[in-house]
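In my numbering, the protein residues as written are 577 to 980.
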């Protein structure tokens, strides 16, 4: 099953952090004092490496989670067909009927990435139970996996492969408008198209119909965050994480939304747990380093951000984040070199140019700093950071020229 993460998450974060401006919501870390423009706020590190739709998660526990988070409304009464799959990722219901046995075989083949076999079993199930929407959902899942669609939020707004898949899901929902698995997959595809408003409606209903499905809860959180409603997303991510306690992607999503809400200690705890569960995942190291910076814990931030770059040296945002931390430590030579690498890796990453400009300014290289700030401003004329830094640079030049 497709799963919107932080990536996970947060695909929303990848879109915000990896775009032209690099003007993502960010923890406001106080820069080190210096007679130069203040370093640009570091962007929140991409959450699903960012924020892609990761692989299926482990099955959620059978019992409802005990969480302090506000919970979605309980699922309304539904026909037996809508009681939900035996596990969050499976479509089979365990009835033992011939069609359900084919669904179970399809689920097993899908989990093993044997998509040809999965397709055959789902098609057999469809023939045996033509009025059951589950086989149609299974076929859509297989098609998505085989197509290798880009699964970040808004990563494929015009991909021609998505429309036919949505039609297949519409056909499944015509058979049963309240089939949660179909609503969930439909919401995922709409998120890939960048249609967060439409996705949120489908996903919210899926979460009501499948209250024990961690992915359904998490996907609602992704949609709400993409709509700028991160506060409303918190309970969904908390619920998903409570159900799926050892899934680092759930924790990464939760930490990211905590950071957006200014709940930095909670974010640190979530990211620390994610990094412990997946110590070789660069995204969690960068997330953790970013959270440490928000708490002004540079001694811990630098190792985590360095580790992220070591694990994934081609990720521009990770390089940019490390450059900012290096500036805070006073290591301007390394900060310049790291920011230059970030800008080379992604010339459209505004935060890389901002960090390069501030590091250059702190070294007294005012002409090069100005060029970097202007590059950031050209990428996003609405970004106030570039304008503010250019104004401070001008004042610095005036003071320098006025001094004897």
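The beta-carbon is built from N, C-alpha and C at its ideal position, and this holds for glycine as well.
Close Cβ partners of residue i (< 8 angstroms) along its chain, the five nearest in sequence each way excluded
i: residue 895; result: 885, 889, 914, 915, 917, 918, 921 and 928
i: residue 990; result: Since the displayed the chain opens at 577 and closes at 980, residue 990 lies outside it and no answer follows.
i: residue 723; result: 737
i: residue 841; result: 871
i: residue 753; result: none
Beta-carbon proximity check, residue i vs residue j, cutoff 8 angstroms
i: residue 901; j: residue 887; result: no
i: residue 935; j: residue 899; result: yes
i: residue 779; j: residue 799; result: yes
i: residue 870; j: residue 835; result: yes
i: residue 787; j: residue 755; result: no
i: residue 716; j: residue 686; result: no
i: residue 949; j: residue 926; result: no
i: residue 969; j: residue 924; result: no
i: residue 946; j: residue 966; result: yes
i: residue 837; j: residue 806; result: yes
i: residue 906; j: residue 859; result: no
i: residue 691; j: residue 739; result: no
i: residue 727; j: residue 737; result: no
i: residue 772; j: residue 749; result: no
Limits of the alpha helix (DSSP H) - the one that residue i falls within
i: residue 698; result: 691-704
i: residue 769; result: First-last for residue 769: undefined, no H or E at that position.
i: residue 673; result: Run containing residue 673: none; DSSP gives neither H nor E here.
i: residue 748; result: 738-751
i: residue 934; result: 926-938
i: residue 965; result: 960-978
i: residue 982; result: The structure shown does not extend to residue 982, since the chain is modelled only from 577 through 980, so no value can be given for it.
i: residue 857; result: Unbroken run through residue 857: none, as it is neither H nor E.
i: residue 906; result: Element bounds for residue 906: n/a, residue is neither H nor E.
i: residue 711; result: 710-723
i: residue 946; result: 942-955
Sequence-distant residues of its chain with Cβ nearer than 6 angstroms to residue i (five each side left out)
i: residue 714; result: 667, 682 and 698
i: residue 733; result: 769 and 770
i: residue 783; result: 648, 792, 793 and 796
i: residue 701; result: 675, 678, 679 and 711
i: residue 759; result: 778, 781 and 782
i: residue 651; result: Because the pLDDT of residue 651 is 30, which lies under 50, any placement of that residue in the model is unreliable, and the number read from its coordinates should be weighed accordingly. Excluding positions up to five away in sequence, the list reads 784, 785 and 787.
i: residue 854; result: 824 and 860
i: residue 751; result: 707 and 709
i: residue 839; result: none
i: residue 826; result: 816, 817 and 820
i: residue 694; result: 682, 685, 686 and 718
i: residue 908; result: 935, 938 and 939
i: residue 911; result: 899, 902, 903 and 935
i: residue 883; result: 861
Cutoff 7 angstroms; reference residue i; Cβ partners in own chain excluding five residues on either side
i: residue 742; result: 762 and 765
i: residue 977; result: none
i: residue 746; result: none
i: residue 892; result: 918, 921, 922, 925 and 928
i: residue 962; result: 930, 949, 952 and 953
i: residue 973; result: 942
i: residue 822; result: 853
i: residue 971; result: none
i: residue 960; result: none
i: residue 703; result: none
Could you tell me which whole alpha helix (DSSP H) segments of length 4 or greater appear in the region 802-853? Annotation: the region 802-853 contains the following complete segments of the alpha helix (DSSP H) (minimum length 4 residues), in chain order: 806-819, 824-836 and 840-853.
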